[in-house]
Amino acid sequence: MKLANLLMERRINMDLKGRTKDDAVRELLAMIGDEGISFDSDEVLRCIREREEVENTSYGHGFAFPHARTNAVKELYIVVGISRQGLEDKTADGIPVYVVCLLLTPSTIAKLYLQTLSGMATFARTEGILDKIRVLTHKADFIKLIAEANVTVDKELMVKDVMRHQVAAVTPDDTLKEVANRMFRHRLSALAVLDESNRLLGVINDRDLIKAALPDYKALISNLNYSIDIEPFEELLKKEDKIKVSQLYREDFEVTSPETRIVEVAAMMIFKDIRRVFVVNEGLLVGVLLRKDIVNMIIRG
């Protein structure tokens, strides 16, 4: 099914008046009420704000996707608003939010909701799409633009619907210090290791960094009286600019494709007790699926 088929002209606002994302959300919620649909708008707004506290839904590229799963609504609602000036809220990429896509759904239809959210995010990543949207004047033209992008909603939930498209990575020539800095910056415990062609070579995680400081960790565990003449972490810090990723990274990692069913990958993650699976398309790294994202997006919502 095409994403465009889920949109309705009456649920598109071509000129949002609100100056913040919260203002825009309330404006879009009012549009649902104006249709004569009865729902607890205060409860829905509370759920949306609660979701924003967990993670900012300003996606980047000029788009925001405030959303909530709540039984205060009886069906899936997609309400889109376009701000002509751009909202005042700060964004991670510095591009003001011009397009607000509000998604609401009861808990019972989580799959369609996630696929719709993924489809809208795919549309947002289309090269030059924001410039095209900002010059539109008619609601039908917005739907036509999505139709021309040919974004589809699959029958089953796929890896591409949940995966992270931006993957923090390093090269074999990067240093231990650069690895630690990127892990801290992105709040991650592991990084992909890529060659110059964006091909996945391996993975380096926080455990690998600690092992670099404690190469004799097995002896320490088996003999608590094991003597250490020097402070290992202090010595590691002295060499952090000299130790290369090529000396530490591992080649044992799991990969999948964007078109794999999410249930298959989730089952593998449980069986093998792994936290991440890298997503590869035609040999190139295109994303990563984290175990916590399955929890946050599918279970938490």
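Going by the working numbering, the sequence shown opens with residue 69, and the numbers climb by one from there. Every residue, glycine too, gets a C-beta built ideally from N, C-alpha and C. Please read these numbers as outputs of a predicted model, since none were measured by experiment.
Check, Outcome
"Could you check where the alpha helix (DSSP H) with residue 181 kicks off and where it finishes?", "178-192"
"With three or more beta-carbon pairs closer than 8 Å as the criterion, would you say the region 169-181 touches the region 194-214?", "no"
"Are residue 330 and residue 226 close, meaning C-beta to C-beta below 8 Å?", "yes"
"Which term fits residue 273, buried or exposed, when burial requires 16 or more other beta carbons within 10 angstroms of its beta carbon?", "buried"
"Once DSSP output is grouped into helix, strand and coil, what is the label at residue 214?", "helix"
"Give the DSSP-derived three-state secondary structure of residue 117 in the structure shown.", "helix"
"Return the chain-ordered list of same chain residues with a C-beta closer than 6 Å to the C-beta of residue 92, the five sequence neighbours on each side being excluded.", "84, 86, 149 and 168"
"Among 186, 115 and 239, which one has its Cα closest to the Cα of residue 315?", "239"
"With distances taken between CB atoms, is the gap from residue 120 to residue 134 smaller than 8 Å?", "yes"
"Consult DSSP for residue 311 and reduce its assignment to one of helix, strand or coil.", "coil"
"Measuring straight from C-alpha to C-alpha, what distance separates residue 361 and residue 335?", "14 Å"
"Would you please state the rounded distance, in angstroms, between the beta carbons of residue 98 and residue 116? I believe it to be under 8 Å.", "That pair is no contact at about 13 Å."
"Please confirm if the region 257-272 is in contact with the region 349-359, defined as three or more CB-CB distances below 8 Å between the two stretches.", "yes"
"Under three-state DSSP, which class holds residue 139?", "coil"
"Taking the straight line between their C-alpha atoms, what separation do you get for residue 108 and residue 140?", "6 Å"
"In chain order, which alpha helix (DSSP H) runs of at least 4 residues are fully inside the region 217-288?", "227-230, 244-254 and 274-281"
"Rounding to the nearest angstrom, what Cα-Cα distance links residue 279 and residue 88 in this structure?", "47 Å"
"Which residue marks the beginning of the alpha helix (DSSP H) containing residue 94, and which one marks its end?", "89-102"
"Determine the closest residue to residue 70 out of 233, 190, 170 and 256, with distance taken between C-alpha atoms.", "190"
"Hey, residue 197 and residue 166: beta-carbon distance below 8 Å or not?", "no"
"Nearest-angstrom Cα distance between residue 246 and residue 188?", "34 Å"
"Taking residue 333 as part of the alpha helix (DSSP H), name the residues at either end of that continuous run.", "330-340"
"Flag residue 249 as yes when its Cβ comes closer than 7 Å to any non-hydrogen atom of the ligand GTP, and as no otherwise.", "Looking at this structure, you won't find the ligand GTP or any other ligand, since it has none at all."
"Let's test the definition: count the other Cβ atoms within 10 Å of the Cβ of residue 81 and tell me whether it reaches 16, buried, or not, exposed.", "buried"
"Just to confirm my understanding: we take residue 323, look at its own chain, exclude 5 residues before and 5 after, and list those with CB closer than 8 Å. What are they?", "268, 345, 346, 347 and 348"
"I need the DSSP call for residue 84, collapsed to helix, strand or coil.", "coil"
"Measure the alpha-carbon distance for residue 277 versus residue 230 and round it to whole angstroms.", "29 Å"
"Spatial neighbours of residue 132 within its chain, please: C-beta separation below 6 Å, excluding the five flanking residues on both sides.", "89, 125, 126, 165 and 168"
"May I ask you to report which of helix, strand or coil DSSP gives residue 360?", "helix"
"Assuming residue 170 contacts residue 203 (C-beta within less than 8 Å), just tell me the rounded distance between them.", "About 22 Å; that fails the 8 Å criterion."
"Please work out which residues of its chain come closer than 6 Å, Cβ to Cβ, to residue 337, disregarding the five sequence neighbours upstream and downstream, and give them in chain order.", "359"
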